[in-house]
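Scroll down for the structure; my scribbles are underneath it.
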Amino acid sequence: MEFFRISRDIPFMRHALVFNVISIITFVAAVVFLAIFGLNLGVDFRGGTVIEVNYGHAVDFGRVRSAVDKLNLGEFSVQSFGSSETALIRLPLKEGLSSAQLSEKVMGALKADDPSATQRRVEFVGPQVGKELYENGALALLLVSIGIVIYLALRFEWRFAVASIIANLHDVVIILGFFALFQWEFSLPVLAAVLAVLGYSVNESVVIADRIRENFRKMRKASVTHVIDSAITRTLSRTIITHGSTLLMVLSIFFFGGETLHHFSLALAIGICFGIYSSALVMASLVMWLGVSREDLVRSDRKRALTGDKVLP
Amino acid sequence: MNRYPLWKYIVIAVALVIGILYMLPNFFPDVPAVQISSSKSAVKIDTALLGTVEDDLKAANIPYRGAELDAVGIKVRLPDLDTQVHAKDLLTQKLGDNYIVALNLLSSSPQWLASIGALPMYLGLDLRGGVYFLLQVDMKGALDKAADRYTTDIRSLMREKKILYSGVGREGANVVLRFKDDGERTKARNAISIAFPDLQLREQDAAGGESRLVAGLKPEAQTRISEGAVQQNMTILRNRVNELGVAEPIIQQQGADRVVVQLPGVQDTARAKDILGRTATLEIRMVNDDPAAIEQARNGQVPFGNDLYTDRNGEPILVKRQVVLTGDRISDAQSGFDSRTNEPAVHVTLDAAGARIFRDVTRENVGKRMAILLVEKGKAEVITAPVIREEIGGGRVQISGRMNTREANDIALLMRAGALAAPMEIVEERTVGPSLGKENIAKGFDSVKYGFLVLAVFICLYYSVMGVISTAALVINLMLLVAILSMLQATLTLPGMAAIALTLGMAIDANVLINERIREELRWGATPHAAIQAGYERAWGTILDSNVTTMIAGIALLAFGSGPVRGFAVVHVLGILTSMFSAVFVSRGIVALVYGRRRKLDHVSVGQAWHPQLEPSMAKS
Chain P
1 MEFFRISRDI
11 PFMRHALVFN
21 VISIITFVAA
31 VVFLAIFGLN
41 LGVDFRGGTV
51 IEVNYGHAVD
61 FGRVRSAVDK
71 LNLGEFSVQS
81 FGSSETALIR
91 LPLKEGLSSA
101 QLSEKVMGAL
111 KADDPSATQR
121 RVEFVGPQVG
131 KELYENGALA
141 LLLVSIGIVI
151 YLALRFEWRF
161 AVASIIANLH
171 DVVIILGFFA
181 LFQWEFSLPV
191 LAAVLAVLGY
201 SVNESVVIAD
211 RIRENFRKMR
221 KASVTHVIDS
231 AITRTLSRTI
241 ITHGSTLLMV
251 LSIFFFGGET
261 LHHFSLALAI
271 GICFGIYSSA
281 LVMASLVMWL
291 GVSREDLVRS
301 DRKRALTGDK
311 VLP
Chain S
1 MNRYPLWKYI
11 VIAVALVIGI
21 LYMLPNFFPD
31 VPAVQISSSK
41 SAVKIDTALL
51 GTVEDDLKAA
61 NIPYRGAELD
71 AVGIKVRLPD
81 LDTQVHAKDL
91 LTQKLGDNYI
101 VALNLLSSSP
111 QWLASIGALP
121 MYLGLDLRGG
131 VYFLLQVDMK
141 GALDKAADRY
151 TTDIRSLMRE
161 KKILYSGVGR
171 EGANVVLRFK
181 DDGERTKARN
191 AISIAFPDLQ
201 LREQDAAGGE
211 SRLVAGLKPE
221 AQTRISEGAV
231 QQNMTILRNR
241 VNELGVAEPI
251 IQQQGADRVV
261 VQLPGVQDTA
271 RAKDILGRTA
281 TLEIRMVNDD
291 PAAIEQARNG
301 QVPFGNDLYT
311 DRNGEPILVK
321 RQVVLTGDRI
331 SDAQSGFDSR
341 TNEPAVHVTL
351 DAAGARIFRD
361 VTRENVGKRM
371 AILLVEKGKA
381 EVITAPVIRE
391 EIGGGRVQIS
401 GRMNTREAND
411 IALLMRAGAL
421 AAPMEIVEER
431 TVGPSLGKEN
441 IAKGFDSVKY
451 GFLVLAVFIC
461 LYYSVMGVIS
471 TAALVINLML
481 LVAILSMLQA
491 TLTLPGMAAI
501 ALTLGMAIDA
511 NVLINERIRE
521 ELRWGATPHA
531 AIQAGYERAW
541 GTILDSNVTT
551 MIAGIALLAF
561 GSGPVRGFAV
571 VHVLGILTSM
581 FSAVFVSRGI
591 VALVYGRRRK
601 LDHVSVGQAW
611 HPQLEPSMAK
621 S
C-alpha cells in the first residue's frame, strides 16, 4: 500500500507568498479572537472552586441552579459534564470562606434538595496558587522556545532556528485563538498539550531541515527553491503518515478519554493539523526568505567530515 | 549483510527480560487489606503484635489470606471488601489508640516479584481517588505574633529596669519605643540587647524631638521562627492524619512556607478536610473540686459558670468557665524530666504577660487544681489537670507527676498544637471520589487500547513485514515504558495515561521515517540489504534531532509543571527515551533476525515501493 505517488517535485515555493498570507491571516484572526474574547481560563489559573456532582439520573439544572443560588456565593455556573447525569458547578473565589467550607456548603444544599447527589470531584485553587501556575506556564513556554532555538541554531543554522520557532509559535497562537473563539476552558492539561505540540511540531521542521541540508549536498546544481521543494515533496509521505498516526492516538484520547481529557486532546489535534502546514510550508518559505544558501550548510558539513562523521555521496 | 552483533542481541534480551519482570505486577489485581501502623513513635510494631492480630482474627472467625510484617507495619490480606471492613472494625477496637488501622489495597502479585522491587505502577490521586491539599503557613501571622509577644515583654522589661518611656507599640513586624530623652533610650537599648539577643535595634529621631527605638527580629531569627512554624505545623498535621487512618499518607514541605498533604483512598473527604482544617486553641482554667458541685453536675445539673468534662482517664472533672490564660500566651512546651525527682515532665514557657497572670493566679490558688484544655471545634478535651504546689513566677512552669515519657510527649505536643505558631490555610485542593478514579483508569486504558489497535492494523497493512516489525517495536516500547514507570514508582495520572497514548503515536514517527527511507532507497535502485542499511543510518540523525526538541518541551514541563502536568511530563519524557531505544535499536535487531541471515536478499517487504519510471502494475508488492 502506498498513498503518495509523486513523480515530480511539487513547486511549493512558487506559492510561498500565498502560504504566508494564509498563515498571516489565520494568525491575525487568532490574535483578534484572543484580544476580543480572551482565554476562558480555568480554575487552575484564575482560582476558584469546581465541584463535580453525580445524580445517578438526569440532572435538573434549574433546580441545581436555584439550590446554589440560595447560598449567595457570587457568580457561579452550572453545566453538564460528560453525561446528562453529571453537573459541574463553578464558583468564584470568595473572601473569608475556605474551600472546605465552600464545597461542604454547596454539597449540603444540593443534598438537601436531592439526596441522590454525590460529590465526585472538588478542585479548589487559591488566588496566589493560580497566579503562580499561570506564571510558571508562561515561563515554561518561554524556556521551551529558547531551548529549541538554541538547539536548532547549534545543530543547523540560525535561519532554521528562527524560521522554525516562528512557524511553531504561530501554531501555538492559533491553538489559543481557537480556545478564545469557542471559549473552551483553558486548564493545566491544555497548557501541557500546547507545550507538547510545540515540541512535536518542531520535530517536523527538523525533518524537513535535515532534508534541505542533505539536498544541498546532493543536488549541487539545483537552485535553493528547487532544493526546498524537493525536500518537502520527499518528506511529504512521512509527514502525513506520522501526523496521521499521532492524530489517530489523539482522536482515541478524544473519544475514549472522557471529559477531563476533552480539551487536552482537542488542543493536540488542532496543533497537529496546523503543525503539518506550518512546519512544512511556513517554516520552509521563511528559511528561503531569510536567504539560506548552500554555503551556510555545506560548510558546517565539511567540519563534520573532518571530525570523522560519515558524509554520504 | 545486516547482521547484528551478539552483544546487541544480549542487550535487547536483557532489556526485554527486565521489562517483562517489572511490567508483570501490573497485571495482578489488587486485594483488600488492612494495614496496622503505630500512631506514636514510642510504640513499636513487632512479631508479638502480629501474633495478637492473627489470634484476634481467628477468635472472631474472620478469614484472612495471610498477614505480614514489614517496615511500615502489619498488613493483613482479606478475601473481600466486607471482611475488610469487619477486620478493620475489630482490630481498631482491640488494639486501641496507639495503633492506626487503615483500609488499603495490596497487589496480589507473588512475593518473589516484590522481593526484586517489582511493584505495580504508583497511581496518582485522580486514578485511585483521594485528597490533595496544599496548605500555606501564614508567616506574616507568625512574625506579627512574635512581635506582639516582644511588645509585652519589652514593656515589662522597661518597668522592671525602671526606664522612662513615653510609649511602646507594634508597627508591622517591628516594636517601636518612644522616649523623651536620649539617655533613657541608650539605657533601654542596652537592656533590650542583653535580654533579647534575637532583636536588632535601630535608633530613629522623629520630627518634634521625639527619640524612637525600633526593634525588629534579626533575619536569622525570622528564618528560625518560619522554619519552626512549618515544622510545627507538619507535626500537627501528621498527628491529625493519623487520626484519619490513611494507609499511605504523604506530608511534605514544599518551598519555604507550604505543606503538601496527600491522602490516597480517603472516602470521607469532608471529614478529612474537617480534621485537617480545624484550629485548636489552648485554655487554662481553674478546676472546681467542690464534691457537692461534682455530684450535682453528675446528675445533670451543671452549676452555673462551670463545664463538666471527662479527663483522659475517664474521670469526670468540673472546670470553671472563666479562662485564666489562652494558648497564645504560651511560647513553648517541651517534654523532659524533673530535675529533682527525674520523673517525666512537661516544661512550659509563658510570655511576660502570661507569666504575670500565672504568678498572680498561682499565688492565690496554692493546693488547688488547674486544668489545661485543648478546644477544637467547640469540643474541649482536658489534657491534664495538675495541682498547684506553689506560687510560680518567671513564666517557667513544670508539669510533672503521674505520667510516663510518652504521655509527657503527647501533652507537650498537644500544648504546642494548641499554641499553633502560625495559622494555616488551604490554598489548593483536589479531591477525587473513588468511583471517579476507577472510571478514569478505564478511560485512560481505553484510549491507549483502541488507539493502539487501529494504529497497529494500519501500520501492518501499509508497510507489510516492516510494518509488523515496527508494530512489534511499538509493543516493546509500551512494555518498557510501563516497566520503567513501575520501577521508578513515578506517579501515574490520567494525563499520564494520555501521554502513554500520545507517546505511542509519536514513537511510530521513527519507524515511519526509517520505512520511508528504505522505500526511497529501493525506489532509486538500491539492493534490499543496502536499502535497509541506509534507511536506518540516515534516519537515525533525524530521529535524534526531532526527539531532542520534543525532550526540551518535556523537561520544561517537568520543571515548571505541577500536579496533572507533571504526571503528563514524566511519562512523556520517559516515553521519548524508550521509543528511541525500541524504534531504532530493537526494530533493527528484529530486521536483522528476519532478513539478516540471507546472504542474497532479493526482496524486502516494506509495502509497495512505487517507482515513478515504472508502471504501477509492474511494481513489487
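Here the protein sequences line up with chains P and S, keeping their order. In terms of this note's numbering, the first sequence opens at residue 1 and continues consecutively. In terms of this note's numbering, the second sequence opens at residue 1 and continues consecutively. Note that CB positions come from ideal geometry on N, CA and C, so glycine has one too.
Taking DSSP's pairing of strands, which residues face residue i in a bridge?
{"i": "residue 347/S", "result": "334/S and 398/S"}
{"i": "residue 133/S", "result": "261/S and 429/S"}
{"i": "residue 622/S", "result": "Since the first residue of chain S shown is 1 and the last is 621, residue 622/S is not available in this structure."}
{"i": "residue 307/S", "result": "319/S"}
{"i": "residue 41/P", "result": "186/P"}
{"i": "residue 253/S", "result": "259/S"}
{"i": "residue 122/S", "result": "491/S"}
{"i": "residue 384/S", "result": "372/S"}
{"i": "residue 102/S", "result": "35/S"}
{"i": "residue 81/P", "result": "83/P"}
Shortest alpha-carbon distance to residue i belongs to which of the options?
{"i": "residue 165/P", "options": "143/P, 31/P and 182/P", "result": "143/P"}
{"i": "residue 522/S", "options": "367/S, 535/S, 511/S and 346/S", "result": "535/S"}
{"i": "residue 252/S", "options": "265/S, 544/S and 236/S", "result": "236/S"}
{"i": "residue 515/S", "options": "235/P, 256/P and 293/P", "result": "235/P"}
{"i": "residue 77/P", "options": "223/P, 68/P and 84/P", "result": "68/P"}
{"i": "residue 125/P", "options": "429/S, 492/S and 499/S", "result": "429/S"}
{"i": "residue 232/S", "options": "512/S, 333/S and 401/S", "result": "333/S"}
{"i": "residue 279/P", "options": "80/P, 146/P and 167/P", "result": "167/P"}
{"i": "residue 204/S", "options": "197/S, 215/S and 196/S", "result": "215/S"}
{"i": "residue 108/P", "options": "93/P, 53/P, 218/P and 62/P", "result": "53/P"}
{"i": "residue 39/P", "options": "249/P, 187/P and 216/P", "result": "187/P"}
{"i": "residue 47/P", "options": "131/P, 105/P, 15/P and 148/P", "result": "131/P"}
{"i": "residue 122/P", "options": "258/P, 266/P, 51/P and 104/P", "result": "51/P"}
{"i": "residue 149/P", "options": "607/S, 426/S and 552/S", "result": "552/S"}
{"i": "residue 201/P", "options": "264/P, 240/P, 275/P and 90/P", "result": "275/P"}
{"i": "residue 400/P", "options": "450/S, 25/S and 596/S", "result": "For chain P, the structure presents residues 1 to 313; residue 400/P sits outside this window and is missing."}
{"i": "residue 79/S", "options": "73/S, 67/S, 238/S and 16/S", "result": "67/S"}
Taking Cβ positions, are residue i and residue j nearer each other than 8 Å?
{"i": "residue 318/S", "j": "residue 331/S", "result": "no"}
{"i": "residue 154/S", "j": "residue 194/S", "result": "no"}
{"i": "residue 374/S", "j": "residue 282/S", "result": "yes"}
{"i": "residue 455/S", "j": "residue 518/S", "result": "no"}
{"i": "residue 368/S", "j": "residue 383/S", "result": "no"}
{"i": "residue 550/S", "j": "residue 580/S", "result": "no"}
{"i": "residue 20/S", "j": "residue 487/S", "result": "no"}
{"i": "residue 558/S", "j": "residue 569/S", "result": "yes"}
{"i": "residue 31/S", "j": "residue 106/S", "result": "yes"}
{"i": "residue 350/P", "j": "residue 134/P", "result": "Residue 350/P is absent from the structure shown; chain P starts at 1 and stops at 313."}
{"i": "residue 48/S", "j": "residue 64/S", "result": "no"}
{"i": "residue 560/S", "j": "residue 169/P", "result": "no"}
{"i": "residue 199/S", "j": "residue 217/S", "result": "yes"}
{"i": "residue 269/P", "j": "residue 247/P", "result": "yes"}
>> Extract the residue ranges of the beta strand (DSSP E) inside the segment 103 to 191 of chain P, only unbroken runs of 3 or more that lie entirely within it.
In response: Counting only runs of 3 or more, we get 118 to 125.
> Are there three or more Cβ pairs, one per stretch, closer than 8 Å when the segment 437 to 453 of chain S is compared with the segment 115 to 135 of chain S?
Replying inline: The segment 437 to 453 of chain S is in contact with the segment 115 to 135 of chain S.
>> Below 8 Å, how does it come out for the segment 128 to 138 of chain S and the segment 167 to 174 of chain S: are there three or more Cβ pairs, yes or no?
In response: Result no; under three Cβ-Cβ pairs closer than 8 Å.
>> Please give me, in chain order, every unbroken run of the beta strand (DSSP E) with length at least 3 that falls completely inside the segment 45 to 100 of chain S.
In response: Scanning the segment 45 to 100 of chain S for uninterrupted beta strand (DSSP E) segments of 3 residues or longer gives 67 to 69 and 74 to 77, listed from N- to C-terminal end.
> Mind pulling the alpha helix (DSSP H) runs of 4 or more residues that sit fully within the segment 534 to 569 of chain S?
Replying inline: None, since the segment 534 to 569 of chain S contains no complete alpha helix (DSSP H) of that length.
> How do the segment 275 to 287 of chain P and the segment 197 to 213 of chain P stand: do at least 3 beta-carbon pairs fall below 8 Å, yes or no?
Replying inline: Output reads yes: the segment 197 to 213 of chain P touches the segment 275 to 287 of chain P.
> What runs of the alpha helix (DSSP H), each 4 residues or longer, lie entirely inside the segment 173 to 210 of chain S?
Replying inline: Listed in chain order, the alpha helix (DSSP H) runs fully inside the segment 173 to 210 of chain S are 182 to 195, counting runs of at least 4 residues.
>> Under 8 Å, with one C-beta from each stretch per pair, do the segment 47 to 55 of chain S and the segment 259 to 270 of chain S reach the 3-pair mark?
In response: Cβ pair count under 8 Å is below three, so no.
> Counting Cβ pairs, one atom from each stretch, are 3 or more of them under 8 Å apart for the segment 47 to 63 of chain P and the segment 75 to 95 of chain P?
Replying inline: A contact exists between the segment 47 to 63 of chain P and the segment 75 to 95 of chain P.
>> Does the contact criterion of 3 or more C-beta pairs under 8 Å hold for the segment 470 to 479 of chain S versus the segment 101 to 120 of chain S?
In response: The answer is no - the segment 101 to 120 of chain S does not touch the segment 470 to 479 of chain S, with fewer than three Cβ pairs under 8 Å.
> Would you say the segment 178 to 185 of chain S touches the segment 210 to 224 of chain S, given that touching needs at least three Cβ pairs under 8 Å?
Replying inline: With the cut-off at 8 Å, the segment 178 to 185 of chain S and the segment 210 to 224 of chain S touch.
>> Restricting to runs no shorter than 3 residues, where is the beta strand (DSSP E) found entirely within the segment 438 to 469 of chain S?
In response: As far as the segment 438 to 469 of chain S is concerned, it has no whole beta strand (DSSP E) run of at least 3 residues.
>> Within 8 Å, do at least three Cβ pairs link the segment 188 to 200 of chain P to the segment 258 to 274 of chain P?
In response: Touching, yes.
> Counting only runs that start and end within the segment 199 to 284 of chain P, where is the beta strand (DSSP E) found for 3 or more residues in a row?
Replying inline: Complete beta strand (DSSP E) runs here, min 3: none at all.
> Do the segment 341 to 348 of chain S and the segment 397 to 410 of chain S meet, that is, are 3 or more Cβ pairs less than 8 Å apart?
Replying inline: Flag = yes, the segment 341 to 348 of chain S and the segment 397 to 410 of chain S touch.
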